[in-house]
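Asker: Below is the structure I would like to discuss, written out as structure tokens.
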Amino acid sequence: DYHLFKHLQNFLDGTKLASREACENELVKFFTNRDEDFFNRGIMKLPSKW
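Written out as structure tokens, the structure reads:
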């Protein structure tokens, strides 16, 4: 979670969200601008539990 939320916070820093629609639009922008490696790096940072 930290991997995702750290980057999301940086992306949204200084953004004013006046409505739910504005929030949804920014989230769509964030996720569509991330490549597969972004998510793979986050998964690889998870601690091994098994």
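The sequence shown runs 20 to 69 under the working numbering. All C-beta atoms in this analysis are idealised placements derived from N, C-alpha and C, irrespective of residue type, glycine included.
Cα separation between Glu55 and Asp32?
Answerer: Between Glu55 and Asp32, the C-alpha separation is close to 23 Å.
Asker: Could you check whether the segment 59 to 67 touches the segment 32 to 45, counting it as contact only if at least three pairs of C-beta atoms, one from each stretch, sit closer than 8 Å?
Answerer: no
Asker: Any idea what DSSP makes of Arg39, helix, strand or coil?
Answerer: Three-state DSSP puts Arg39 in a helix.
Asker: What are the boundary residues of the alpha helix (DSSP H) that includes Asn59?
Answerer: The continuous alpha helix (DSSP H) containing Asn59 extends over residues 55 to 63.
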